[in-house]
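The block underneath contains the structure these notes are about, expressed in structure tokens.
Number of protein chains: 2
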Amino acid sequence: YPYNLDFDYGALAQLQHFSINNLGDPFIESNYGVHSRQFEVGVLDWFARLWEIEKNDYWGYITNCGTEGNLHGILVGREVFPDGILYASRESHYSVFKAARMYRMECVKVDTLISGEIDCADFRAKLLANKGKPAIINVNIGTTVKGAVDDLDLVIQTLEGCGFSRDRFYIHCDGALFGLMMPFVKRAPKVSFKKPIGSVSVSGHKFVGCPMPCGVQITRMEHVNALSSNVEYLASRDATIMGSRNGHAPIFLWYTLNRKGYNGFAKEVQKCLRNAHYLKDQLRAAGIGAMLNELSSTVVFERPRDEDFVRRWQLACEGNIAHVVVMPSVSIEKLDVFLNELVKNRSTWYQEQQPPCIAADIGKENCACPLHK
Amino acid sequence: YPYNLDFDYGALAQLQHFSINNLGDPFIESNYGVHSRQFEVGVLDWFARLWEIEKNDYWGYITNCGTEGNLHGILVGREVFPDGILYASRESHYSVFKAARMYRMECVKVDTLISGEIDCADFRAKLLANKGKPAIINVNIGTTVKGAVDDLDLVIQTLEGCGFSRDRFYIHCDGALFGLMMPFVKRAPKVSFKKPIGSVSVSGHKFVGCPMPCGVQITRMEHVNALSSNVEYLASRDATIMGSRNGHAPIFLWYTLNRKGYNGFAKEVQKCLRNAHYLKDQLRAAGIGAMLNELSSTVVFERPRDEDFVRRWQLACEGNIAHVVVMPSVSIEKLDVFLNELVKNRSTWYQEQQPPCIAADIGKENCACPLHK
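Here the protein sequences line up with chains A and B, keeping their order. Position 235 (the first sequence) corresponds to 235 in this note's numbering; numbering is contiguous. Just remember that this note's numbering sits 1000 ahead of the position in the second sequence, which is counted from 1.
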């Protein structure tokens, strides 16, 4: 991942002289003194406003990574519906399936469209086959490989259309990378607690650029009360997955959110989307199969044939495709260097052979193989 | 906790300019480039030597905290024995009981002795009542509140005495704080993979003094193969609890282990034990009930009556007792300031009233109430 590293390190690096540890519930004062819980709560309030939930109605914490957010959200869902079935699209992050195994939950994988979005026709069929049990659904706000955004409204419609009333389903939104970008994208469907969702998580070290892995998890207060138990020696409450939590991360997040503000993020998101479109268009112009989901800055394209090239550019690959996640630190100049190198190398890879067909991965209209171009 | 902060920050603080992220399995090269896996493996090798397991026979990783180590160790145990019962003493860390709930495991709480150690008579009775199912045991190498070290050899004897052969039990050693100190304590029972144990975890931010929460988890290679699944887009394997992991922590740990070495740690452990004895003796000399387990640097004593005093000294309290964990950064001078302040304040707390009896918590011989002194 091309991270977004432009902190004011002069001041913030000094923080490393202190061991800062957030233990237990961020909203309950505990007896451990060197913490950053005021910053943590400040960051959580910011996200609560973004996702439209009142201060007294939410609970949350700053996690160690996106996986912890998913583990927490799905655990809350299971505690709300102990016999619920977990539904998640095949292109969900692997931590979702890990959670199902850890928590001993029945898990139903739902098919995806070519775009990577959940296929709500298949979702409907699988819901109807399991009407007897409540549904716990992982909704992807940007899948890992294709950056596909599941249609939250259609997921809710499908549930209600299959006879699942609001007290019979729980939705966790995995916003890993894109949960923080989407609010700034025009026409994007809104992630909001005004809709019947139970929790949302995002990563803090991707788009926000926090230099240590971290994430934000927000859920409804009513749900977390069922989950938590009191820990006397901490004078706190145990509602988190992890115990000790990195105390520097909330300070970095708080600083960035306040320095950039909504407008700063909106500008960066626009830049990412613009540059992603540029990359996709240039790939296609060079005769290389490529796809870019409308709401995403993740460009999916034909997997480069040379593993050295893949390693040098740190491309994440799956089957016949690779992807580039265009973050604020990725400039047009950098994309041009990448494109030139790819095009130059590629001309040597396919002298005697044809480039592969990747229509099954990105659709016929995006494929540039001899058959589809 | 009085942490042990004496890194060479001049050089190491520079690391904060880089976003370092360890994804997936530390022993498998992945496609994400900015990592510190060489350091991670170096640290793991150090602990593998300490706990006597061959390089090719172990698997492990650097966790985000002690809780993650327990969550991992107990999950490995459950995957080895899916219908196993989890046994843990009442004074085990709360993350152990959280794991049982998360993983939907049957959990049997075992009584403790006054010292805080597991009561193997009660353990025996509970094992015999559940002979039909394999046993997964959490053994405490230093409990959270009293610093009590469960007798690993007696636990193994009890298991074998109850007819549990080695293919019917799994032992996870929670070494949170003391797992790293005990190897340097004379007469301490040894934690070693030459004994039939399955996993050991320790915290890295306590005795080692890493400035961000972290821990080390080591298990047997044969066990982790059952747990893991491959993650193609990372070109790695998913055998950890968390996804992205802090890449700075392994560098800090590696640096400290190499700079201090075995001899450095041995000296610091001796200092901690000496100072803990000093604190306990001074408390008793001042007529204050206090206990110190033989293998521990955790001094347990009468809970101060004034909550301001508790907060100012950040004392962790449970019921009628409080504790001080004597770490290398705690000097005799600091202990004297604490003792003087406690004795001065306490004389005002008990002018008209008698100090409470805490014999039930720390034993008659350690209590200093009017009845027992």
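Positions of the beta carbon are idealized from the N, C-alpha and C atoms, including for glycine. None of the values given here were measured: they were computed from a predicted structure.
Roughly how far, in whole angstroms, is the beta-carbon of residue i from the beta-carbon of residue j, given that I think they are within contact range, below 8 Å?
i       : j       : result
A:I400  : A:G84   : Lying outside 1 to 373, the shown extent of chain A, residue 400 of chain A is not represented and no answer is given.
B:K1272 : B:M1181 : Per the sequence shown, the amino acid found at residue 1272 of chain B is Cys instead of Lys. Sure, about 7 Å apart at Cβ, within 8 Å.
A:A343  : A:H323  : Ala is not the amino acid found at residue 343 of chain A; the sequence shown has Val there. Actually they are not in contact, since the Cβ atoms of A:V343 and A:H323 sit about 18 Å apart, beyond 8 Å.
B:R1284 : B:A1368 : 7 Å
A:V216  : A:G116  : Contact flag wrong, Cβ pair sits at about 23 Å.
A:I197  : A:C162  : Wrong, their Cβ atoms sit about 17 Å apart, outside the cutoff.
B:S1244 : A:P213  : 4 Å
B:V1191 : B:G1175 : 7 Å
B:L1127 : B:L1159 : 7 Å
A:R90   : A:T112  : 5 Å
A:P356  : A:N320  : 6 Å
B:L1152 : B:K1195 : 7 Å
A:W51   : A:I218  : 6 Å
Beta carbon of residue i, beta carbon of residue j: below 7 Å?
i       : j       : result
B:S1201 : B:N1140 : no
A:P250  : A:F27   : no
A:V41   : A:L253  : no
B:I1053 : B:F1193 : yes
A:N21   : A:A88   : no
A:F178  : A:G142  : yes
A:E302  : A:I358  : yes
B:D1025 : B:A1226 : no
A:A266  : A:F184  : yes
B:M1221 : B:D1045 : no
B:F1081 : B:P1134 : yes
A:M114  : A:G289  : The displayed chain sequence assigns Ile, not Met, to residue 114 of chain A. No. Outside cutoff.
A:S199  : A:V76   : yes
A:R104  : B:R1104 : yes
B:L1315 : B:L1279 : no
A:V110  : A:D122  : yes
B:L1339 : B:Q1282 : yes
A:S36   : A:G247  : yes
B:I1118 : B:D1150 : yes
A:M291  : A:N345  : no
B:W1349 : B:R1305 : yes
Would you list the one or two residues that DSSP bridges to residue i?
i       : result
B:M1291 : B:V1300
A:E341  : According to DSSP, which records beta bridges pairwise, A:E341 is partnered with nothing at all.
B:C1107 : B:L1086
A:G60   : A:I218
A:I141  : A:V149
B:E1318 : B:I1321
B:S1244 : B:L1023
A:A135  : A:I85, A:F169
B:I1118 : B:T1112
B:S1347 : Paired residue(s): none; B:S1347 is not in a bridge.
B:D1174 : B:N1140, B:S1201
Give me the chain A residues within the contact set of residue i, using Cβ-Cβ distance strictly less than 8 Å, ordered along the chain.
i       : result
B:G1066 : G243, S244
In chain B, which residues lie with their C-beta within 8 Å of the C-beta of residue i?
i     : result
A:L75 : M1102
What in chain B is Cβ-close to residue i, meaning under 7 Å?
i      : result
A:P213 : N1021, S1244, R1245, N1246
Which residues in chain A have a C-beta closer than 7 Å to the C-beta of residue i? List them in chain order.
i       : result
B:K1098 : D238
Taking 8 Å as the threshold, find out whether the stretch 1089-1104 of chain B comes into contact with the stretch 1066-1077 of chain B through three or more Cβ pairs.
By the C-beta criterion, the stretch 1089-1104 of chain B is judged to be in contact with the stretch 1066-1077 of chain B, since at least 3 inter-stretch pairs fall below 8 Å.
Within the chosen definition, does the stretch 1326-1342 of chain B reach the stretch 1262-1279 of chain B through at least 3 CB pairs nearer than 8 Å?
Contact holds: three or more Cβ-Cβ distances are below 8 Å.
If we count Cβ pairs, one from each stretch, closer than 8 Å, do we get three or more for the stretch 290-305 of chain A versus the stretch 145-153 of chain A?
Touching, per the Cβ criterion.
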